[in-house]
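First to last, the sequence lines map onto chains A and B.
Taken in order, the first sequence gives residues 0 to 270; the numbers are from numbering that gives the first Met the number 0.
Taken in order, the second sequence gives residues 0 to 285; the numbers are from numbering that gives the first Met the number 0.
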Amino acid sequence: MWKSYLIPLELLGIALGIIWILPFYLMIINSLKTKREIFEDTLKPPSSVTFDNYVQAFKELDFIRTFGNSLLILVVSVALIIIFSGMAAYALSRVKSRISTVIFFLFVAAMLIPFQSVMIPLITIFGKVEMLNRIGLIFMYVGFGASLSIFLYHGALNSIPKSLDEAATIDGANKFQIFWYIIFPMLKPITVTVGILNTIWIWNDYLLPSLVINQKGMETIPLKMFFFFGEYTKQWHLALAGLTLAIVPVIIAYFFAQKSIIKGVSEGAIK
Amino acid sequence: MRTKNIAYWLFLAPVLIALTLVIIVPLLVGVYYSFTDWNGIQTNHFIGFDNYKALFQDEKFLDSLWFTTKFSIVSVILINLIGLGLALLVTAKLKTNHLLRTVFFMPNLIGGLILGFIWQFVFTKVFASFGELIGMDSLQGWLSTPGTGFWGLAILMSWQMAGYIMVIYIAYIEGVSNELLEAAEMDGANAFQKIRYVLFPLVAPAFTVSMFLTLSNSFKLYDQNLSLTAGGPYNSTQMVAMEIFNTAFTKYDMGYAQAKAVIFFIIVAVIALIQVYINKKREVEM
Chain A
0 MWKSYLIPLE LLGIALGIIW ILPFYLMIIN SLKTKREIFE DTLKPPSSVT
50 FDNYVQAFKE LDFIRTFGNS LLILVVSVAL IIIFSGMAAY ALSRVKSRIS
100 TVIFFLFVAA MLIPFQSVMI PLITIFGKVE MLNRIGLIFM YVGFGASLSI
150 FLYHGALNSI PKSLDEAATI DGANKFQIFW YIIFPMLKPI TVTVGILNTI
200 WIWNDYLLPS LVINQKGMET IPLKMFFFFG EYTKQWHLAL AGLTLAIVPV
250 IIAYFFAQKS IIKGVSEGAI K
Chain B
0 MRTKNIAYWL FLAPVLIALT LVIIVPLLVG VYYSFTDWNG IQTNHFIGFD
50 NYKALFQDEK FLDSLWFTTK FSIVSVILIN LIGLGLALLV TAKLKTNHLL
100 RTVFFMPNLI GGLILGFIWQ FVFTKVFASF GELIGMDSLQ GWLSTPGTGF
150 WGLAILMSWQ MAGYIMVIYI AYIEGVSNEL LEAAEMDGAN AFQKIRYVLF
200 PLVAPAFTVS MFLTLSNSFK LYDQNLSLTA GGPYNSTQMV AMEIFNTAFT
250 KYDMGYAQAK AVIFFIIVAV IALIQVYINK KREVEM
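Below is the structure:
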């Protein structure tokens, strides 16, 4: 439909694409310069590449440990959200009763509540029972992540026929077996979506870990990045190397899974 | 399975317990706190509506509320315009369209805190360098005035979220059948008319979704605010979420902070409901 406009549009697209990645480009080229060279000119590529900034930032960020902390919290939280939300949505979609409607509505309504409205009592309560640690954090992620996940699973479950459950019951399977061996595998596409949405959120979350994890050595990447940045505010060469280190794993993951990530996000948003 | 079944409750138990302890109980306890003078340590006194009365005269809070509102309006407009523009661009049959989608979406995978730090570098160092190069003094000291702080946040947020909104618009645009567009073309519609009369009405639901997302995200913004300007200069770019946080955790005025948090919740809920209601109504008419 556009034929005659195609060439200028292509050029416009490329120009916009370049603008979009410009901040990342500037971050990377300057992370390879000395402190002095950044000060003199931020726009030029580095005259000679130095990786010293990276070596120091890697050490200061305790990168392997910090990365491991983030990964541990991410994997456990997302796995629990997937299993528990899937189970709950299954129960809610198979039992059509007033109680199910109320519970489902409760979860949907919870999506409207901004975190700041529950933040203060949440931290106080969990502090009193000494749960301001990783287990407490994972528990909170399950609570905050459940709403959207149940909502998505619920939609998908409604299109899986009940006769499947009935057939399995006749074969002698119990509810857990039916869910785990028959229904859950059929939910794979929506599980990918639920997994992606929760992963993006939890991996990047800063505020909740900053309030919950106050032990040294347990920091996630955003948390450690915040302290690191504060310490090196005026030392852009180190700060930029640290930021690049934090971003590179995400970019690598993105290039391997870009199709499912974009698909997952659009499905999550329009359902 | 029936409601009376133990299996039903076992399936629901983990998320119900988590939801109750993480959202429902804190919300109720929070409403109670908001009527007390609790400071985080000492036992609290019930002081009725005093916190609520005080916060409507609290200039810092009102300023942050006004700043947040202005910011949200500008963000919603910018993000939706840019997002829709990008979506129209990459759904035209460009050779680079897959690469461009990947690029435009990329910022959304990286946390707001980190993006804010990157843009802090761009606004302070790169803008200064560029300003020097082209002889524009106005590019010096970005983020150090209230006005440039505002636009800094708006630019950061648009750059980040436009790709997300683009993805939503793409989903709806690709759902519009080609036959409809071809039929319009046969009837003599030009490109503009095709967009205005065929595409727009069919992507209206996308507008509902993306407006809801941009509005609630802008209104609840915290990470980007913290890392880009930290509320400065002189608290002039402090948004509501940050104002509540500071009242609670740097001044330890917990009861008062919680009253602000309750008002914040009511505002967010009312905006969300009104906005969905209006948009749903509009969709039906179209």
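Glycine included, C-beta positions come from ideal geometry on N, C-alpha and C.
For clarity, every value in this text was computed on a predicted model and none was experimentally measured.
Problem - DSSP bridge partner residues for Phe45 (chain B) (one or two, in chain order) - result: Mapped onto the second sequence, residue 45 (chain B) falls at position 46. Note: Phe45 (chain B) sits in a beta bridge opposite B:Thr35.
Handout entry: When A:Pro120, A:Gln115, A:Met139, A:Asn213 are compared against Tyr221 (chain B), the one with the closest alpha-carbon
Key = Your numbering for residue 221 (chain B) matches position 222 in the second sequence. Measuring from the Cα of Tyr221 (chain B), the nearest candidate turns out to be A:Gln115.
Practice task
Name the residue from B:Ala188, B:Gly146, B:Lys279 whose alpha carbon lies nearest to the alpha carbon of Ile211 (chain B).
Solution key: Residue 211 (chain B) sits at position 212 when you count from the first residue of the second sequence. For the record, residue 211 (chain B) in the displayed sequence is Phe; it is not Ile. Among B:Ala188, B:Gly146, B:Lys279, the Cα nearest to that of Phe211 (chain B) is on B:Lys279.
Handout entry: Alpha carbon of Lys32 (chain A) to alpha carbon of Trp19 (chain A), nearest angstrom
Key = Position 33 of the first sequence, counted from the first residue, corresponds to residue 32 (chain A). Position 20 of the first sequence, counted from the first residue, corresponds to residue 19 (chain A). Their backbone Cα atoms lie some 22 Å apart in a straight line.
Problem - Cross-chain neighbours of Leu18 (chain B) in chain A, by beta carbon under 8 Å - result: By 1-based counting over the second sequence, the position of residue 18 (chain B) is 19. Under the 8 Å cutoff, chain A gives Leu105, Phe106, Ala109, Gly142, Ala145, Ser146.
Practice task
Flag Met0 (chain A) as yes if its beta-carbon sits less than 8 Å from any beta-carbon of chain B, otherwise no.
Solution key: Working through the first sequence from its first residue, we reach residue 0 (chain A) at position 1. Below a pLDDT of 50, predicted positions are generally treated as unreliable, and Met0 (chain A), at 49, falls in that range; no measurement from the model is reported.
Handout entry: Proximity test, Cβ basis, 8 Å: Leu8 (chain A) and chain B
Key = Position 9 of the first sequence, counted from the start, is the residue given in the question as residue 8 (chain A). Yes, Leu8 (chain A) counts as interfacial toward chain B.
Handout entry: Identity of the residue in A:Leu10, A:Pro7, A:Arg35, A:Met217 nearest Lys124 (chain B) by Cα
Key = For the purposes of this step, residue 124 (chain B) is taken as residue 125 along the second sequence, with counting starting at 1. If we check each option's Cα against that of Lys124 (chain B), A:Arg35 comes out closest.
Practice task
Could you tell me whether any Cβ in chain B is nearer than 8 Å to the Cβ of Leu11 (chain A)?
Solution key: The sequence position of residue 11 (chain A) within the first sequence is 12, counting from 1. Chain B contact via Cβ: present.
Problem - Short Cβ contact (8 Å threshold) for Asn23 (chain B) with Ala86 (chain B) - result: As a first step, residue 23 (chain B) is located in the second sequence; it is residue number 24 there, counting from the start. As a first step, residue 86 (chain B) is located in the second sequence; it is residue number 87 there, counting from the start. Going by the sequence as given, residue 23 (chain B) is Ile instead of Asn. Going by C-beta atoms, Ile23 (chain B) is not nearer than 8 Å to Ala86 (chain B).
Exercise for the section: Report the neighbours of Tyr163 (chain B) on chain A: residues whose CB is nearer than 8 Å to its CB, in chain order. Expected result: Position 164 of the second sequence, counting from 1, holds the residue named residue 163 (chain B). What Tyr163 (chain B) touches in chain A: Val264, Ala268.
Exercise for the section: Please list the partners that Asp222 (chain B) has in chain A, where partner means a Cβ-to-Cβ separation under 9 Å. Expected result: What you label residue 222 (chain B) is simply residue 223 of the second sequence in a count that begins at 1. Under the 9 Å cutoff, chain A gives Asn203, Asp204, Tyr205, Leu206, Pro221.
Practice task
Give a yes or no on whether the minimum CB-CB distance between Leu77 (chain B) and chain A is below 8 Å.
Solution key: Here residue 77 (chain B) is taken as the residue at index 78 of the second sequence, counted from 1. Chain A, which has no Cβ nearer than 8 Å to the Cβ of Leu77 (chain B), makes this no.
Handout entry: Residue-chain proximity (Met217 (chain A), chain B), Cβ-Cβ < 8 Å
Key = Within the first sequence, the letter at position 218 stands for residue 217 (chain A). Chain B contact via Cβ: absent.
Exercise for the section: Specify the secondary structure class of Lys125 (chain B) as computed by DSSP and reduced to three states. Expected result: In the second sequence, counting from the first residue as 1, residue 125 (chain B) sits at position 126. Per the sequence presented here, residue 125 (chain B) reads as Val, with Lys not at that position. Val125 (chain B) falls in the helix class under three-state DSSP.
Practice task
Leaving out five residues on either side along the sequence, give the residues of the same chain with a beta carbon under 7 Å from the beta carbon of Ile220 (chain A).
Solution key: Numbered from its first residue, the first sequence carries residue 220 (chain A) at position 221. Exclusion of the five residues before and after Ile220 (chain A) leaves Thr65, Phe66, Ser69, Ala245 as the residues of its chain whose Cβ lies within less than 7 Å of its Cβ.
Practice task
Return the Cβ separation of Leu242 (chain A) and Phe116 (chain B) in integer angstroms, given the expectation that the two are a contact with Cβ distance under 8 Å.
Solution key: Taking the first sequence and counting its residues from 1, the one referred to as residue 242 (chain A) is at position 243. Taking the second sequence and counting its residues from 1, the one referred to as residue 116 (chain B) is at position 117. Sure, about 6 Å apart at Cβ, within 8 Å.
Exercise for the section: Measure from the alpha carbon of Trp200 (chain A) to the alpha carbon of each residue in A:Phe38, A:Gln55, A:Ser76, A:Ile37, then state which is nearest. Expected result: Counting from one through the first sequence, the residue named residue 200 (chain A) turns up at place 201. Nearest C-alpha to Trp200 (chain A): A:Ser76.
Practice task
Measure from the C-beta of Phe60 (chain B) to each C-beta in chain A and report whether the shortest distance is under 8 Å.
Solution key: The residue labelled residue 60 (chain B) in the question sits at position 61 within the second sequence. No, because no Cβ of chain A sits closer than 8 Å to the Cβ of Phe60 (chain B).
Practice task
For Thr228 (chain B), name the three-state secondary structure that DSSP assigns.
Solution key: Position 229 of the second sequence, counted from the start, is the residue given in the question as residue 228 (chain B). Correct three-state label for Thr228 (chain B): coil.
Problem - Extent of the continuous alpha helix (DSSP H) run through Asp62 (chain B) - result: By 1-based counting over the second sequence, the position of residue 62 (chain B) is 63. Note, Asp62 (chain B): alpha helix (DSSP H), 58-90.
Handout entry: Own chain residues within Cβ distance below 6 Å of Ser209 (chain A), not counting five before or after
Key = Here the question's residue 209 (chain A) lines up with position 210 in the first sequence. Hits under 6 Å: Leu222.
Practice task
With DSSP collapsed to three states, give me the class of Ser158 (chain A).
Solution key: As a first step, residue 158 (chain A) is located in the first sequence; it is residue number 159 there, counting from the start. Ser158 (chain A) falls in the coil class under three-state DSSP.
Exercise for the section: Quick one: which residues of the stretch 31-56 of chain A get their C-beta closer than 8 Å to a C-beta of chain B? List them in chain order. Expected result: Cβ contacts with chain B come from Ile37, Asp40, Thr41, Leu42.
Handout entry: Partner residues on chain B for Leu242 (chain A), Cβ-Cβ distance less than 9 Å
Key = Counting from one through the first sequence, the residue named residue 242 (chain A) turns up at place 243. By Cβ distance, chain B contributes Ile113, Phe116, Ile117, Phe120.
Handout entry: Cα-Cα separation, Ser30 (chain A) to Leu237 (chain A)
Key = Taking the first sequence and counting its residues from 1, one reaches residue 30 (chain A) at position 31. Taking the first sequence and counting its residues from 1, one reaches residue 237 (chain A) at position 238. Distance between the alpha carbons of Ser30 (chain A) and Leu237 (chain A) is about 7 Å.
Exercise for the section: Would you verify that the beta carbon of Gly187 (chain B) is, or is not, closer than 8 Å to some beta carbon of chain A? Expected result: Translated into positions along the second sequence, residue 187 (chain B) becomes position 188. No, Gly187 (chain B) does not count as interfacial toward chain A.
Practice task
Would you check if the distance between the CB atom of Gln139 (chain B) and the CB atom of Ala153 (chain B) is smaller than 8 Å?
Solution key: As a working note, residue 139 (chain B) is residue 140 in the second sequence. As a working note, residue 153 (chain B) is residue 154 in the second sequence. Taking 8 Å as the Cβ cut-off, Gln139 (chain B) and Ala153 (chain B) do not qualify as a contacting pair.
Exercise for the section: With a threshold of 16 other CB atoms inside 10 Å of the CB of Asp164 (chain A), please say whether the residue is buried or exposed. Expected result: Walking along the first sequence from the start, residue 164 (chain A) turns up at place 165. Buried, by the Cβ-count rule.
Handout entry: Supposed contact pair Tyr205 (chain A) and Gly110 (chain B) - C-beta distance, whole angstroms, cut 8 Å
Key = Against the second sequence, residue 110 (chain B) aligns to sequence position 111. Against the first sequence, residue 205 (chain A) aligns to sequence position 206. Indeed, because the Cβ distance is near 6 Å, the residues count as touching under 8 Å.
Handout entry: Under 8 Å by beta carbon: chain B residues contacting Gly16 (chain A)
Key = In the first sequence, residue 16 (chain A) corresponds to position 17, counting from 1. Per Cβ cutoff of 8 Å: Thr95, Leu98, Leu99, Val102, Phe103.
Handout entry: Rounded straight-line distance, which links the Cα of Glu242 (chain B) to that of Gly230 (chain B)
Key = Locating residue 230 (chain B) in the second sequence gives position 231, counting from the first residue. Locating residue 242 (chain B) in the second sequence gives position 243, counting from the first residue. Approximately 9 Å, taken between the alpha carbons.
Exercise for the section: Keeping to the same chain, check which residues put their C-beta closer than 6 Å to that of Met285 (chain B); ignore five residues upstream and five downstream. Expected result: To locate residue 285 (chain B), count along the second sequence from 1; it is residue 286. Only weak support exists for where Met285 (chain B) lies, its pLDDT of 49 falling under 50; the value from the coordinates is given anyway. If we look at Met285 (chain B) and ignore the five residues flanking it on each side, its Cβ neighbours are Pro200, Ala203.
Problem - Delimiting residues of the alpha helix (DSSP H) encompassing Lys94 (chain B) - result: Position 95 of the second sequence, counted from the first residue, corresponds to residue 94 (chain B). Looking at the DSSP string, Lys94 (chain B) is not in any alpha helix (DSSP H), and its letter there is neither H nor E.
Practice task
Using a Cβ-Cβ cut-off of 8 Å, state whether Ile119 (chain A) counts as contacting chain B.
Solution key: Sequence index remark: in the first sequence, residue 119 (chain A) carries index 120 (1-based). Closer than 8 Å to some Cβ of chain B, the Cβ of Ile119 (chain A) qualifies, so yes.
Exercise for the section: Whole angstroms is fine: what's the gap from Lys92 (chain B)'s alpha carbon to Val247 (chain A)'s? Expected result: Numbered from 1 along the second sequence, position 93 holds the residue referred to as residue 92 (chain B). Numbered from 1 along the first sequence, position 248 holds the residue referred to as residue 247 (chain A). Their Cα atoms are separated by approximately 31 Å.
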